[in-house]
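Here is the structure we will look at, set down as structure tokens.
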Amino acid sequence: MEDKEKVTQDTSAGCGSGCGGDSGCGSSGGCDSNCGSCSQAGSCGSQPQSLLAETNSFNDIKKVIAVVSGKGGVGKSMVTSLMAVSMNRLGYKTAILDADITGPSIPKAFGVTEKASANELGIFPLRTKTDIGTMSVNNLLENDTDPVIWRGPVIAGTVKQFWTDVLWGEVDYLFVDMPPGTGDVPLTVFQSLPVDGIIVVTSPQELVSMIVGKAVRMAEMMDIPVLGLVENMSYLTCPDCGKEIDVFGKSTVADVAKEYGIDVLGRLPIDPKLATACDNGEIEDFEGHWLDDAVKKLEVE
């Protein structure tokens, strides 16, 4: 995690370095960094070019944590918000980069309705009531309900601009709320931002192992540490007797974590109060210690 130089792992072409590899190697005399399918990858001596983008010169961002999921609807944005709030309560300066361009929900959870402004130095993030910095595409749209009908490259470029152009300032932990899956935006974030680790959010379902596996393997391919798993909607606590009810089936998060050699960082219940807090823009008022292990994990990394 100390070395933040990451390299491209594009598997669409050969090396191009004159090393005798595939896809026309030797024709250009210089490595084009596309080593994924080159038979001489790792032995030609060429150094792939870093794809990391520089953030605004006024920023001092110490840690970048991406919150990912293999599928949508598992509460990834809520976990991102809770992590930012939890670390903020401990005195850390936190911020959230909302990379879910077509399904942004961070402004709603925090009750941020203002629109972003900018000057010649960059774009100003929106501040929550506890001074958490946020930037989301919803802060750029005229109406919150306006759909974002953009193609992949434009979406990926917007996310990258949130990193390069936003005046985040001094931040201890920048959380990136990722869109689900392993498409353009996750690839852009993993290649362009110095991600220190990812938290994988899942839910108790039969296909969870396969879904988690996709996210974990992508992180491994991009040489990014997997900090652990958070299972959302894990159980419902009976309001009368306090018994935990497995609404969506018995939790398998411990087995999945063992399968991939990673930690379980927390199990979140189905809590109507928490859902209401998100809907009302009051996520900063939540009470609960479900993510204490995740917080401790970040503090020691």
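Just remember that our numbering sits 366 ahead of the position in the sequence shown, which is counted from 1. Cβ atoms here follow ideal geometry from the backbone N, Cα and C, with glycine treated the same way.
Residue i beta carbon near the ligand SAM (any heavy atom closer than 7 angstroms)
{"i": "residue 514", "result": "No copy of the ligand SAM occurs in the structure displayed, which carries no ligand at all."}
For residue i, the residue or residues it bridges with in DSSP
{"i": "residue 639", "result": "Beta-bridge pairing links residue 639 to no other residue."}
{"i": "residue 501", "result": "463"}
{"i": "residue 426", "result": "536"}
{"i": "residue 630", "result": "595"}
Cut-off 6 angstroms between Cβ atoms - residues of its own chain near residue i, not counting five sequence neighbours on either side
{"i": "residue 321", "result": "Within the shown structure, residues of the chain are numbered from 367 to 667, placing residue 321 beyond reach of any answer."}
{"i": "residue 585", "result": "564 and 592"}
{"i": "residue 428", "result": "538"}
{"i": "residue 464", "result": "470, 472, 502 and 543"}
{"i": "residue 528", "result": "463 and 501"}
{"i": "residue 426", "result": "536"}
{"i": "residue 490", "result": "483 and 533"}
{"i": "residue 492", "result": "478, 480, 500 and 505"}
Own chain residues within Cβ distance below 7 angstroms of residue i, not counting five before or after
{"i": "residue 432", "result": "542, 544, 555, 561 and 564"}
{"i": "residue 504", "result": "470, 473 and 510"}
{"i": "residue 643", "result": "649, 651 and 652"}
{"i": "residue 590", "result": "556, 561, 563 and 564"}
CB contact check: residue i to chain B, cutoff 8 angstroms
{"i": "residue 492", "result": "Among the chains of the structure shown, chain B does not appear; only one protein chain is present."}
Environment of residue i [buried if 16+ CB atoms lie within 10 Å]
{"i": "residue 627", "result": "exposed"}
{"i": "residue 475", "result": "buried"}
{"i": "residue 532", "result": "buried"}
{"i": "residue 424", "result": "exposed"}
{"i": "residue 485", "result": "exposed"}
{"i": "residue 650", "result": "buried"}
{"i": "residue 604", "result": "exposed"}
{"i": "residue 487", "result": "exposed"}
{"i": "residue 671", "result": "Within the shown structure, residues of the chain are numbered from 367 to 667, placing residue 671 beyond reach of any answer."}
{"i": "residue 652", "result": "buried"}
{"i": "residue 660", "result": "buried"}
{"i": "residue 518", "result": "exposed"}
{"i": "residue 441", "result": "buried"}
{"i": "residue 640", "result": "buried"}
{"i": "residue 430", "result": "buried"}
{"i": "residue 607", "result": "exposed"}
{"i": "residue 421", "result": "buried"}
{"i": "residue 500", "result": "buried"}
{"i": "residue 479", "result": "exposed"}
{"i": "residue 456", "result": "exposed"}
{"i": "residue 394", "result": "Summary for residue 394: the model assigns pLDDT 43, below 50, so the residue's position carries little reliability, and this model does not support an answer."}
{"i": "residue 434", "result": "buried"}
{"i": "residue 496", "result": "exposed"}
{"i": "residue 638", "result": "exposed"}
Three-state secondary structure assigned by DSSP to residue i
{"i": "residue 463", "result": "strand"}
{"i": "residue 661", "result": "helix"}
{"i": "residue 433", "result": "strand"}
{"i": "residue 653", "result": "coil"}
{"i": "residue 442", "result": "helix"}
{"i": "residue 388", "result": "Since pLDDT at residue 388 reaches only 46, below the 50 mark, its modelled position is unreliable, and no value is offered."}
Same chain only: Cβ atoms within 8 angstroms of residue i, ignoring 5 sequence neighbours per side
{"i": "residue 657", "result": "445, 448, 449, 452, 596, 631, 632 and 634"}
{"i": "residue 623", "result": "594, 595, 629 and 630"}
{"i": "residue 467", "result": "503, 514, 516, 521, 524, 525, 545 and 551"}
{"i": "residue 582", "result": "566, 592, 626 and 628"}
{"i": "residue 498", "result": "450, 451, 454, 460, 461, 462, 476 and 650"}
{"i": "residue 611", "result": "601, 602, 603 and 604"}
{"i": "residue 574", "result": "568, 618, 619 and 622"}
{"i": "residue 613", "result": "599, 601, 602 and 636"}
{"i": "residue 646", "result": "477"}
{"i": "residue 419", "result": "526, 529, 530, 558 and 559"}
{"i": "residue 458", "result": "538 and 539"}
Can you list the alpha helix (DSSP H) stretches of 4 or more residues lying completely in the region 572-626, in chain order? 574-587 and 619-626
Please specify which runs of the beta strand (DSSP E), each continuous and at least 3 residues long, are wholly inside the region 504-584, giving them in chain order. 536-543 and 563-568
Entirely within the region 445-492 and at least 3 residues each: give me those beta strand (DSSP E) ranges in chain order. 460-464, 483-485 and 488-490
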